[in-house]
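Participant: To start, I am sharing the structure in question, which I have written as structure tokens.
4 protein chains.
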Amino acid sequence: MVGRPRSEEARKAILRAALDLCARDGYQGVTMKGIAEAAGSGRQTVYRWWQTKAQVLLEALTDVLAEQVAPTPDSGDPRADLVAFLEQTFTLARGVAGQIVVGLMADAQSDPELSADLRARIIGPRRAALRAVLARGALPADVDLELAVDLVFGVMWYRLLNRHADVNEDLAEEMAALLARIR
Amino acid sequence: MVGRPRSEEARKAILRAALDLCARDGYQGVTMKGIAEAAGSGRQTVYRWWQTKAQVLLEALTDVLAEQVAPTPDSGDPRADLVAFLEQTFTLARGVAGQIVVGLMADAQSDPELSADLRARIIGPRRAALRAVLARGALPADVDLELAVDLVFGVMWYRLLNRHADVNEDLAEEMAALLARIR
Amino acid sequence: MVGRPRSEEARKAILRAALDLCARDGYQGVTMKGIAEAAGSGRQTVYRWWQTKAQVLLEALTDVLAEQVAPTPDSGDPRADLVAFLEQTFTLARGVAGQIVVGLMADAQSDPELSADLRARIIGPRRAALRAVLARGALPADVDLELAVDLVFGVMWYRLLNRHADVNEDLAEEMAALLARIR
Amino acid sequence: MVGRPRSEEARKAILRAALDLCARDGYQGVTMKGIAEAAGSGRQTVYRWWQTKAQVLLEALTDVLAEQVAPTPDSGDPRADLVAFLEQTFTLARGVAGQIVVGLMADAQSDPELSADLRARIIGPRRAALRAVLARGALPADVDLELAVDLVFGVMWYRLLNRHADVNEDLAEEMAALLARIR
DNA sequence: GACTAAACGAGACGGTACGTCCTGTCTTCAC
DNA sequence: GTGAAGACAGGACGTACCGTCTCGTTTAGTC
């Protein structure tokens with residue numbers, strides 16, 4: 001026997017509510033209770049499918065990225081592609097998506113499972129995309145691509161977390177210029 | 001009337017308790033209630049001097065760093081100094097201090113004042129130290145030092161947060177080598 | 001069209017489960033969810049035929065009493081009949097049946113319909129039986145039989161509820177003796 | 001060290017709220033959450049001093065009875081005293097106090113500790129009072145006083161629980177008359 | 001033998017009370 | 001006036017059950 005099927009409507013309402021609350025109150029201000037109430041669902045319905053607010057927001061984020069992430073640029077000019085990719089990424093990162101990832105990273109410090117999920121579902125794919133862009137010729141062949149990815153995304157997250165400098169088009173250009181100077 | 005003077009004993013017990021709890025339960029697991037109980041002090045005594053657990057841990061961290069941070073190396077060999085500095089920094093960052101800073105960064109996302117304090121008291125000084133090391137000749141003169149600092153610390157924090165790679169002596173060497181290739 | 005007929009099997013399983021759970025967990029511990037699970041039936045199947053656990057247990061109790069209640073004794077000796085009747089009744093009341101009636105009485109305080117059902121299906125018939133026994137000559141003709149019934153069953157329920165004294169063969173004798181002293 | 005003393009204000013507000021809710025919604029309708037909200041107190045404050053709503057209502061009832069119970073009548077006429085005592089008692093029992101005791105009795109079925117408390121604090125004292133009245137000459141000396149008390153209070157509770165007949169002045173007279181016929 | 005329709009098991013749904021934990025404030029006595 | 005103790009109002013936690021609903025399946029009649 002099968003039972004009543006899961007309500008796609010409730011799923012969407014919950015993810016939507018989680019995003020809205022995060023945009024309004026910040027990651028820390030989101031609560032499971034608040035999500036359920038804002039979604040007009042029972043709390044058990046949230047807990048049935050997700051154990052923590054981090055899991056809710058991770059899935060909400062996944063859905064958002066699936067919609068909003070543009071295909072990796074491939075114009076034939078490696079440096080232009082890199083700049084374009086970074087501008088895209090930085091724009092996303094300045095929005096709610098960035099806010100959520102920062103919150104998830106924080107929670108992941110005390111939750112190894114979340115840490116792994118976050119890497120597998122969000123961080124990993126973006127690293128792969130950047131690696132592909134860099135591999136097209138923006139760097140000397142013997143530079144460790146993983147380290148180069150760390151360099152680029154490291155700066156981005158460091159600035160987003162510390163807010164000591166902006167993450168914008170200028171940074172995209174500067175990073176591309178700096179990488180171009182590596183011999 | 002002046003009243004009873006502040007108890008240095010209580011202050012130390014509270015900071016000590018905060019560190020111990022953070023080491024045992026992680027940043028998220030620390031609570032003001034828990035700190036007070038572990039310190040054998042009243043909760044009001046904690047709240048009287050610090051408003052949040054972030055402030056307690058920030059002060060505890062400041063004390064720890066004041067004890068543990070070695071003077072910036074200055075051997076005459078810019079690259080050796082850089083490697084030495086990074087090894088020191090990475091060792092610290094892998095310990096409780098790193099854990100605390102990560103937690104503080106997370107909380108700072110929703111607390112601008114904490115964000116400013118963190119930059120001013122912890123992040124800033126370390127950036128200045130690294131800048132000084134880099135300025136001694138590890139980089140071409142026209143490279144933006146601030147960006148270079150972002151590069152180095154960006155990689156460190158990115159790896160600490162994401163745990164996709166270690167932050168160790170190898171990274172120190174690799175970073176120094178990579179910077180040396182910038183022309 | 002008629003549809004699938006009601007499953008007698010499910011009905012029995014539900015009533016059986018309700019009795020078992022009541023014996024194991026007490027009246028308060030019984031839940032509709034628990035009954036359905038213990039009976040291996042769906043919850044809707046329970047709700048389809050009974051609205052509350054009180055109704056389930058009332059029907060279960062009715063079935064139990066239909067099996068277990070012996071015919072009213074009629075030996076020709078009014079006092080012996082009374083004692084025999086009381087002993088029977090007290091034995092029943094000390095078992096699960098008593099536990100259920102007590103629970104139903106409690107629920108009936110906030111449910112007038114249940115109160116009426118309980119009187120009509122359980123309490124009333126027993127009162128009628130006792131009245132018949134008393135009417136055979138155990139009391140002077142001008143004693144209000146209803147009040148006499150209240151007297152006897154009042155003591156029984158009062159002791160069952162308050163547990164300040166046993167409800168046993170001694171009580172049966174004492175009550176019969178006391179009633180015999182009424183002139 | 002001593003800590004902040006218990007708030008008599010909160011205690012009263014909670015007991016007051018419990019009584020009001022019981023009068024409005026019936027015993028079953030009272031909840032710990034509802035009590036706390038109606039009293040304008042935190043839920044922890046309720047749980048700190050009482051573990052269950054039964055305990056709250058037991059204490060509330062104790063306070064009410066302490067105020068409302070009149071001294072046992074002692075006019076020299078045993079039967080008149082008995083009637084007066086019963087009228088008093090029945091009046092109380094028809095009010096909120098009776099409703100609460102019925103609810104407590106019900107809960108006590110699955111809570112032996114509550115059962116003992118109820119007997120010790122409420123039922124016992126009233127039994128003692130009735131015993132004293134009966135001992136003044138309303139009954140032959142060799143009638144078991146405990147059984148006589150069970151008789152009187154049994155009828156009262158039985159009727160209150162079952163609602164098959166009123167508990168009023170007529171009953172008081174009838175009971176006194178019946179007891180007077182015991183030889 | 002295909003069709004109809006109600007009962008069945010399963011289990012998700014929106015809701016509400018549970019009892020616990022922590023927050024930040026307060027009130028007491030001791031130092 | 002500081003400190004330990006601990007009660008206070010408040011709110012989120014995660015769980016249990018409520019009563020309803022929506023599935024696919026089963027089990028009788030009809031046609």
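Line order of the protein sequences matches chains A, B, C and D.
At position 32 of the first sequence (counting the first as 1) the number is 32 in UniProt numbering, and the numbers step up by one without a gap.
At position 67 of the second sequence (counting the first as 1) the number is 67 in UniProt numbering, and the numbers step up by one without a gap.
At position 128 of the third sequence (counting the first as 1) the number is 128 in UniProt numbering, and the numbers step up by one without a gap.
At position 174 of the fourth sequence (counting the first as 1) the number is 174 in UniProt numbering, and the numbers step up by one without a gap.
Cβ coordinates follow ideal geometry from the N, Cα and C atoms, glycine included.
(1) In whole angstroms, what separates the C-alpha of D81 of chain C from that of S75 of chain C?
(2) Hey, would you say the C-beta of V56 of chain C is under 7 Å away from at least one heavy atom of the ligand GTP?
(3) Run the CB neighbour count on V2 of chain A, radius 10 Å, all protein chains shown included, and call it buried at 16 or more, exposed below.
(4) Around the C-beta of K12 of chain D, are 16 or more other C-beta atoms found within 10 angstroms, so that it is buried, or is it exposed?
(5) Name, going along the chain, the residues of the region 15 to 36 of chain B whose beta-carbon falls closer than 9 Å to a beta-carbon of chain A.
(6) Does R127 of chain B pass the burial test, meaning 16 or more other C-beta atoms within 10 Å, or should it be called exposed?
(7) Which residue comes first and which comes last in the alpha helix (DSSP H) that contains A138 of chain A?
(8) The region 104 to 134 of chain B: which residues have C-beta closer than 7 Å to a C-beta of chain A, in chain order?
(9) What residues match up with I182 of chain A in a beta bridge as DSSP calls it?
(10) I'd like to know if Y47 of chain C contacts chain D, where contact means its C-beta is closer than 8 Å to some C-beta of that chain.
(11) Please determine, among D:L92, D:R94, D:R119, D:L178, the residue with the shortest C-alpha to C-alpha distance to M105 of chain D.
(12) Just reading off the alpha helix (DSSP H) that R159 of chain B is part of, what are its end residues?
(13) Against F90 of chain B, what residues of chain A qualify as contacts under a CB-to-CB distance less than 9 Å, listed in chain order?
(14) Output needed for A17 of chain C: all residues of its chain with C-beta closer than 6 Å, excluding positions within five of it in sequence on either side, in chain order.
(15) Hey, does L57 of chain A have any beta-carbon neighbour from chain B nearer than 8 Å?
(16) If you measure beta-carbon to beta-carbon, which residues of the region 153 to 167 of chain A are closer than 8 Å to chain B?
(17) How is T52 of chain B classed by DSSP in three states: helix, strand or coil?
(18) What does G79 of chain C reach in chain D if we use C-beta pairs closer than 8 Å?
(19) Going by alpha carbons, who is nearest to A60 of chain A out of A:V152, A:L179, A:R121?
(20) Quick one: which unbroken alpha helix (DSSP H) runs of 4-plus residues sit fully inside the region 78 to 120 of chain C? Chain order, please.
(21) Give the interface partners of R94 of chain A over in chain B, defined as CB-CB distance under 7 Å, in chain order.
(22) Looking at the structure shown, is M1 of chain A part of a helix, part of a strand, or coil, going by DSSP?
(23) In chain order, what residues of the same chain have a beta carbon less than 7 Å from the beta carbon of A172 of chain D, not counting five sequence neighbours either side?
(24) Here's the rule I'm using: 16 or more other beta-carbon atoms within 10 Å means buried, otherwise exposed. How should Y27 of chain B be labelled?
(25) Counting pairs of beta carbons, one from the region 95 to 115 of chain A and one from the region 46 to 57 of chain A, are three or more of them closer than 8 Å?
(26) Give me the Cα-Cα distance between Y47 of chain D and Q44 of chain B, rounded to the nearest whole angstrom.
(27) Expressed to the nearest angstrom, what Euclidean distance is found between the alpha-carbon atoms of A10 of chain C and A116 of chain D?
(28) Taking C-beta pairs closer than 7 Å, name the residues in chain D that L147 of chain C reaches, listed in chain order.
Facilitator: Answer, in terms of the structure:
(1) Numbered from its first residue, the third sequence carries residue 81 of chain C at position 81. Numbered from its first residue, the third sequence carries residue 75 of chain C at position 75. D81 of chain C and S75 of chain C: Cα-Cα distance of roughly 6 Å.
(2) By its list of ligands, the structure shown contains no ligand whatsoever, and the ligand GTP lies outside what it can speak to.
(3) Residue numbering aside, residue 2 of chain A sits at position 2 when the first sequence is read from its first letter. By the neighbour-count rule (16 or more Cβ atoms within 10 Å), V2 of chain A is not buried but exposed.
(4) As a first step, residue 12 of chain D must be located in the fourth sequence, where it is residue number 12. Under this definition K12 of chain D is an exposed residue.
(5) D25, G26, Y27, Q28, G29
(6) Mapped onto the second sequence, residue 127 of chain B falls at position 127. Per the 10 Å Cβ criterion, buried.
(7) Indexing the first sequence from 1 puts residue 138 of chain A at position 138. Segment: none, A138 of chain A is in no alpha helix (DSSP H) and carries neither H nor E.
(8) M105, A106, Q109, S110, S115, R119, I123
(9) Looking up residue 182 of chain A in the first sequence gives position 182. B:I182, per the DSSP bridge assignment.
(10) As a position in the third sequence, residue 47 of chain C is number 47, starting the count at 1. No, Y47 of chain C does not count as interfacial toward chain D.
(11) On the fourth sequence, position 105 is the one that residue 105 of chain D refers to. Measuring from the Cα of M105 of chain D, the nearest candidate turns out to be D:R119.
(12) What you label residue 159 of chain B is simply residue 159 of the second sequence in a count that begins at 1. 145 to 162 is the span of the alpha helix (DSSP H), which, as asked, contains R159 of chain B.
(13) Indexing the second sequence from 1 puts residue 90 of chain B at position 90. The contacting residues do not exist; F90 of chain B stays about 14 Å from chain A at best.
(14) Taking the first residue of the third sequence as position 1, residue 17 of chain C is located at position 17. These residues qualify, in order along the chain: I35, A38, A39.
(15) By one-based count along the first sequence, residue 57 of chain A stands at place 57. Chain B contact via Cβ: absent.
(16) F153, G154, V155, M156, W157, Y158, R159, L161, N162, R163, H164, A165
(17) The sequence position of residue 52 of chain B within the second sequence is 52, counting from 1. In the structure shown, T52 of chain B sits in coil (DSSP, three-state: anything other than H, G, I, E or B).
(18) For the purposes of this step, residue 79 of chain C is taken as residue 79 along the third sequence, with counting starting at 1. The displayed chain sequence assigns Arg, not Gly, to residue 79 of chain C. Correct list: empty, because the minimum Cβ distance to chain D is about 16 Å.
(19) Translated into the one-based positions of the first sequence, residue 60 of chain A becomes position 60. Minimum Cα distance to A60 of chain A is reached at A:R121.
(20) 78 to 94, 96 to 108, 112 to 118
(21) Numbered from its first residue, the first sequence carries residue 94 of chain A at position 94. The premise fails here: R94 of chain A is roughly 13 Å from chain B at the closest Cβ pair, so nothing lies under 7 Å.
(22) Position 1 of the first sequence, counted from the first residue, corresponds to residue 1 of chain A. Coil, per DSSP.
(23) Indexing the fourth sequence from 1 puts residue 172 of chain D at position 172. Excluding positions up to five away in sequence, the list reads V83, L86, E87, F90.
(24) Along the second sequence, one-based indexing puts residue 27 of chain B at 27. Buried, because 16 or more other Cβ atoms sit within 10 Å of the Cβ of Y27 of chain B.
(25) yes
(26) Within the fourth sequence, residue 47 of chain D is the residue found at index 47, counting from 1. Within the second sequence, residue 44 of chain B is the residue found at index 44, counting from 1. Using only the alpha carbons, I get a separation of about 23 Å.
(27) Mapped onto the third sequence, residue 10 of chain C falls at position 10. Mapped onto the fourth sequence, residue 116 of chain D falls at position 116. Cα to Cα, the separation comes out at about 40 Å.
(28) Position 147 of the third sequence, counting from 1, holds the residue named residue 147 of chain C. Per Cβ cutoff of 7 Å: E174, L178.
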